[in-house]
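The next block holds one structure in the form of structure tokens; read it before the comments.
2 protein chains.
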Amino acid sequence: VTVRVPAGALADFCTALFQAVGVPAPVAREVATSLVYADLRGVESHGVARMEIYLRRVTEGMIDPNAEVRVELDNGCTALIDGGNHFGVRAGMVALEEAMQRARRHGLGGIGVRHSNHFGTAAYFVERAVARGLALIVMSNAPQTMPVTGGVRPFIGTNPLAIGFPTGRDAPYILDMATSVVARGKIIVAAKRKTPIPAGWAIDRQGNPTTDAQAALEGAVLPFGGPKGSGLAVAIDVLCGVLTGAGFGPSVRSMYDDWSKPQNVGHFFLALDIERFMPLAAFVERASQYVGLMKNQPRAPGVDEILYAGEPEHRRAQAGRRDGVALHESLVRDLQALGVRHDVLWPVTSGAL
Amino acid sequence: VTVRVPAGALADFCTALFQAVGVPAPVAREVATSLVYADLRGVESHGVARMEIYLRRVTEGMIDPNAEVRVELDNGCTALIDGGNHFGVRAGMVALEEAMQRARRHGLGGIGVRHSNHFGTAAYFVERAVARGLALIVMSNAPQTMPVTGGVRPFIGTNPLAIGFPTGRDAPYILDMATSVVARGKIIVAAKRKTPIPAGWAIDRQGNPTTDAQAALEGAVLPFGGPKGSGLAVAIDVLCGVLTGAGFGPSVRSMYDDWSKPQNVGHFFLALDIERFMPLAAFVERASQYVGLMKNQPRAPGVDEILYAGEPEHRRAQAGRRDGVALHESLVRDLQALGVRHDVLWPVTSGAL
Numbered sequence: 220v221t222v223r224v225p226a227g228a229l230a231d232f233c234t235a236l237f238q239a240v241g242v243p244a245p246v247a248r249e250v251a252t253s254l255v256y257a258d259l260r261g262v263e264s265h266g267v268a269r270m271e272i273y274l275r276r277v278t279e280g281m282i283d284p285n286a287e288v289r290v291e292l293d294n295g296c297t298a299l300i301d302g303g304n305h306f307g308v309r310a311g312m313v314a315l316e317e318a319m320q321r322a323r324r325h326g327l328g329g330i331g332v333r334h335s336n337h338f339g340t341a342a343y344f345v346e347r348a349v350a351r352g353l354a355l356i357v358m359s360n361a362p363q364t365m366p367v368t369g370g371v372r373p374f375i376g377t378n379p380l381a382i383g384f385p386t387g388r389d390a391p392y393i394l395d396m397a398t399s400v401v402a403r404g405k406i407i408v409a410a411k412r413k414t415p416i417p418a419g420w421a422i423d424r425q426g427n428p429t430t431d432a433q434a435a436l437e438g439a440v441l442p443f444g445g446p447k448g449s450g451l452a453v454a455i456d457v458l459c460g461v462l463t464g465a466g467f468g469p470s471v472r473s474m475y476d477d478w479s480k481p482q483n484v485g486h487f488f489l490a491l492d493i494e495r496f497m498p499l500a501a502f503v504e505r506a507s508q509y510v511g512l513m514k515n516q517p518r519a520p521g522v523d524e525i526l527y528a529g530e531p532e533h534r535r536a537q538a539g540r541r542d543g544v545a546l547h548e549s550l551v552r553d554l555q556a557l558g559v560r561h562d563v564l565w566p567v568t569s570g571a572l
Numbered sequence: 220v221t222v223r224v225p226a227g228a229l230a231d232f233c234t235a236l237f238q239a240v241g242v243p244a245p246v247a248r249e250v251a252t253s254l255v256y257a258d259l260r261g262v263e264s265h266g267v268a269r270m271e272i273y274l275r276r277v278t279e280g281m282i283d284p285n286a287e288v289r290v291e292l293d294n295g296c297t298a299l300i301d302g303g304n305h306f307g308v309r310a311g312m313v314a315l316e317e318a319m320q321r322a323r324r325h326g327l328g329g330i331g332v333r334h335s336n337h338f339g340t341a342a343y344f345v346e347r348a349v350a351r352g353l354a355l356i357v358m359s360n361a362p363q364t365m366p367v368t369g370g371v372r373p374f375i376g377t378n379p380l381a382i383g384f385p386t387g388r389d390a391p392y393i394l395d396m397a398t399s400v401v402a403r404g405k406i407i408v409a410a411k412r413k414t415p416i417p418a419g420w421a422i423d424r425q426g427n428p429t430t431d432a433q434a435a436l437e438g439a440v441l442p443f444g445g446p447k448g449s450g451l452a453v454a455i456d457v458l459c460g461v462l463t464g465a466g467f468g469p470s471v472r473s474m475y476d477d478w479s480k481p482q483n484v485g486h487f488f489l490a491l492d493i494e495r496f497m498p499l500a501a502f503v504e505r506a507s508q509y510v511g512l513m514k515n516q517p518r519a520p521g522v523d524e525i526l527y528a529g530e531p532e533h534r535r536a537q538a539g540r541r542d543g544v545a546l547h548e549s550l551v552r553d554l555q556a557l558g559v560r561h562d563v564l565w566p567v568t569s570g571a572l
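Printed below as a string of structure tokens:
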């Protein structure tokens, strides 16, 4: 059973929860907006389901909601940012702003970020840059969940990569993907339901392929595309972690299991000013033509429409802004419990909204 | 049966062949070196097996070996290069040089290239940048061979992506990959031998999965990792083709089947000066530590050693420089025939070299 909640009311509720644990209003609003944005796009794994862990990271002192996010090294079109263990979304927004300014001034802006935390869905940043006529590439490293090719135990995170650009159509092109075959959350769900998982998703503790969800959780989720996905995740770890002074490999701490020190996640943002190559209007015309040709291709059996990256998410978000965000009943119960604990009223909603 | 040919003698032979069809000596040497480099690394699909088609593209006027590779737009840390239908390797080397210069001056260098051709193995460029203490990302688009997710017929090329950085060890990290599950060349070989191909490599003309190599050739090779690989290949096409004014999707012409006009391939080079983020020595120490941790992970059953991207290729190249490049007898026969046709002597070699 799902409950539909107006996006604005849900964002207000989450903002108030963050404020209740001492997060300044503008930051509370930013992080809440990013989480609701993920739910609107149907990316539940990065949505308000994270409220509980985000709040706990704040109350346990692992996220510092009053930190100064500082530009440490400022070098022409690059910069290194120290996130001060602030919310990843906040550090990311500063990085985005710096990257966009530099792209406008120099053509490119490349920003490394260290001492950050989980930054939510990368599409949140990409959509903002694209709306300003820029192309954006965003990467982050993450705590260990995947083996490298040839390995058995988790060594790299499901390090996400996002790329976006304007298309001149309703939906910008936004590829926002983890470098794992599948979100670990899906394996958690299967383990709870005691249903098997497809072959190729994960290995057990000994490194053997498994379709047993519990064995997979004790083992590791696999990189997408074998050695290629593994190699990409490593390259992302190097740009986000090794290059920035953030953690990498084993030194990026778990958001869920490590309460000894902040995560020290690293990010890398690269903004590109399209107008350095051709007028934006010309690019958009070519991009729209490209997307049109793609969508008009002959379709595989059973496929009604060819959708490009970001297109289904954009449609879901439009529907969600109109009809409300669909949340599972169990999640609503968890959120309401958080509301009770922090004395924040749950908005009046109805399943039929 | 393979024949071992000294790398230098093989490069001399290929250089002389290029000169025989009117390629100026320095360019002939550059392209030949790039092809032999691929063979040394064991990437036969991008090695001297391409001599025949490269020569034919020149003699048919599809590659202009005397073109001027021009910087068309010069904008701070970005530039747009017109390759003039020169060899892709030549246009790529100009782009690399421009990218590296800009990275030194500004921290980043981002170079788009249009009116280019097949540029060989991207690792050739990456290794040069990494030797100078830079990180490099290289992309190229390519003629249509893969459907996008949901499609049936080829729409995107096996658009390669390469990323590299120094490791402080013998082998730099060089991830150089096509965005396809497998090189189309492997399916061609299976079709010749009438052996089946693994499931998941390709679809037939109707879009159904197939293990029949001939049906796969008439159908399409698949992107790696499903929608993620498809989305990456599209993003590469946009950066290399849409953004630069090169061909994209259907307007990148086949190197083998289209003799009406030059290919109009597009590339994108992004160089990053590591020292804008930390001293190179500090980065190399961190990268070496990272790679060491990775290699010391527990190994999967049957795995003797965990190798990072570029490490097996580097070892092969070292062995090849010592023992000669291993070429299949049939390829040697083809090369010798080219030698006879263009009056270039095949070097004296022996199988036991």
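Read top to bottom, the protein sequences are chains A and B. Using our numbering, you'd call the opening residue of the first sequence number 220 and step up by one each time. Using our numbering, you'd call the opening residue of the second sequence number 220 and step up by one each time. We put the CB at the ideal spot given by N, CA and C, even for glycine.
Excluding the 5 residues flanking residue i on each side, which residues of the same chain have their C-beta closer than 6 Å to its C-beta?
i	result
Ala228 of chain B	Pro566
Ala432 of chain B	Ile406, Ala409, Ala410 and Ile416
His561 of chain A	Leu236 and Ala239
Ala310 of chain B	Val288, Gly302, Val332 and Ser335
Can you tell me which of the options puts its alpha carbon nearest to the alpha carbon of residue i?
i	options	result
Leu557 of chain B	B:Ala348, B:Val267, B:Glu263 and B:Val332	B:Val267
Gln482 of chain B	B:Ile272, B:Cys233 and B:Val224	B:Ile272
Ala435 of chain B	B:Val461, B:Ala402 and B:Ala452	B:Ala402
Pro391 of chain A	A:Asp258, A:Asn336, A:Arg347 and A:Asn378	A:Arg347
Ala354 of chain B	B:Ala247, B:Met497, B:Glu532 and B:His561	B:Met497
Gly468 of chain B	B:Glu316, B:Gly485 and B:Tyr475	B:Gly485
Ile160 of chain B	A:Gln508, A:Phe384, A:Gly460 and A:Arg535	Only positions 220 to 572 of chain B appear in this structure, which leaves residue 160 of chain B out of reach.
Gly582 of chain A	A:Phe488, A:Arg541 and A:Tyr475	Look at the range of chain A in this structure, 220 to 572, and you will see that residue 582 of chain A is not part of it.
Gly326 of chain A	B:Ala350, B:Phe344 and B:Leu299	B:Leu299
Met358 of chain A	A:Glu287, A:Thr368, A:Glu437 and A:Ser335	A:Ser335
Val332 of chain B	B:Leu315, B:Val563, B:Arg321 and B:Tyr343	B:Leu315
Trp478 of chain B	B:His265, B:Ala244, B:Met281 and B:Thr234	B:Met281
Asp283 of chain A	A:Asp301, A:Leu292, A:Gly295 and A:Val290	A:Asp301
Pro243 of chain B	B:Arg269, B:Pro362, B:Asn294 and B:Phe306	B:Phe306
Val308 of chain B	B:Arg248, B:Gln320, B:Glu291 and B:Thr377	B:Arg248
Val171 of chain B	B:Pro245, B:Ala418 and B:Tyr256	Outside the shown range of chain B (220 to 572) lies residue 171 of chain B, about which nothing can therefore be said.
Arg276 of chain A	A:His265, A:Pro245, A:Ser253 and A:Asn304	A:Asn304
His265 of chain B	B:Leu499, B:Phe338 and B:Ala381	B:Phe338
Asn360 of chain B	B:Leu441, B:Glu291 and B:Ala465	B:Ala465
Phe344 of chain A	A:Arg541, A:Asp542, A:Gly521 and A:Phe488	A:Phe488
Ile178 of chain B	B:Met365, B:Glu504, B:Glu279 and B:Ala490	Only positions 220 to 572 of chain B appear in the structure, and residue 178 of chain B is not among them; the question remains open.
DSSP three-state label for residue i, please.
i	result
Ala230 of chain B	helix
Gly570 of chain A	In this prediction, Gly570 of chain A has a pLDDT of 49, which is less than 50 and means its spatial position is unreliable; nothing more can be read from the coordinates.
His325 of chain B	helix
Val559 of chain A	helix
His486 of chain B	strand
Phe384 of chain B	strand
His337 of chain B	coil
Under 8 Å by Cβ, that's how I've got residue i and residue j pegged, so tell me the actual separation to the nearest angstrom.
i	j	result
Asp395 of chain A	Thr340 of chain A	6 Å
Gly370 of chain B	Ala519 of chain A	6 Å
Ala226 of chain B	Gly529 of chain B	Not confirmed; about 18 Å, so no contact.
Gly329 of chain B	Thr297 of chain B	5 Å
Ala397 of chain B	Thr377 of chain B	4 Å
Ile525 of chain A	Gln516 of chain A	6 Å
Lys480 of chain A	Phe443 of chain B	Actually they are not in contact, since the Cβ atoms of Lys480 of chain A and Phe443 of chain B sit about 37 Å apart, beyond 8 Å.
Leu554 of chain A	Met312 of chain A	Actually they are not in contact, since the Cβ atoms of Leu554 of chain A and Met312 of chain A sit about 24 Å apart, beyond 8 Å.
Tyr509 of chain A	Val288 of chain B	With a Cβ gap of about 25 Å, Tyr509 of chain A and Val288 of chain B do not count as contacting.
Val374 of chain B	Met319 of chain A	Inspection of the sequence shows that residue 374 of chain B is occupied by Phe rather than by Val. Wrong, their Cβ atoms sit about 31 Å apart, outside the cutoff.
Val255 of chain A	Ala230 of chain A	5 Å
Going by beta carbon distance, what residues of the same chain come within less than 8 Å of residue i, once the five residues before and after it are set aside?
i	result
Val563 of chain A	Phe232, Ala235, Leu236, Ala239 and Leu557
CB-CB under 7 Å to residue i, same chain, minus the five flanking residues each way: which ones, in chain order?
i	result
Phe492 of chain A	Strictly speaking, residue 492 of chain A in this sequence is Asp, with Phe absent from that position. Counting only Cβ-Cβ distances below 7 Å, and skipping sequence neighbours, we find Ala322, Arg323, Gly326 and Leu353.
Gly438 of chain A	Ala421, Ile422, Asp423, Arg424 and Thr429
Ile220 of chain A	The sequence given here places Val at residue 220 of chain A; Ile does not occur at that position. Closer than 7 Å at the Cβ level, and outside the excluded window around Val220 of chain A, lie Glu548.
Gly460 of chain A	Asn360, Gly466, Phe467, Val471 and Gly485
Contact list for the stretch 471 to 495 of chain A against chain B, Cβ threshold 7 Å: Near chain B, meaning a CB-to-CB distance below 7 Å, the residues of the stretch 471 to 495 of chain A are Leu491, Ile493 and Arg495.
Against chain A: residues of the stretch 307 to 324 of chain B by CB proximity under 7 Å: Taking 7 Å as the Cβ-Cβ cut-off against chain A, none of the residues of the stretch 307 to 324 of chain B qualify.
Against chain A: residues of the stretch 294 to 308 of chain B by CB proximity under 7 Å: Listed by position along the chain: Asn294, Gly295, Cys296, Thr297 and Leu299.
Cβ-based contacts, 7 Å cut-off: residues of the stretch 437 to 448 of chain A near chain B: Those would be Phe443, Gly444, Lys447 and Gly448, in chain order.
Chain-ordered residues of the stretch 352 to 377 of chain B with a beta carbon less than 8 Å from chain A: Within the stretch 352 to 377 of chain B, Ala354, Pro366, Val367, Thr368, Gly369, Gly370, Val371, Arg372 and Phe374 place their CB atoms closer than 8 Å to a CB of chain A, listed in sequence order.
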